[in-house]
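Residue numbers (the working numbering): 1047 to 1098. Quick notes on the structure that follows.
This is the structure we're talking about:
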């Protein structure tokens, strides 16, 4: 099997995808979840998203 070249994904698109997925599961509007993910105040603000 041949491997595909890796594509860079913008952090904003990754956050949007996570927010919309969470919104579907929880019923909370996407804008609210996205704002929480974008805010720097929080319990895990010292952590960043993994990059491959």
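Even for Gly, the Cβ is constructed at its ideal location relative to N, Cα and C.
Asked, Found
"Out of 1062, 1055, 1056 and 1051, which one is the CA nearest neighbour of residue 1079?", "1062"
"Taking the CB atoms as reference points, tell me whether residue 1076 and residue 1065 lie closer together than 7 Å.", "yes"
"Since residue 1066 is in the alpha helix (DSSP H), which residue starts that stretch and which ends it?", "1057-1072"
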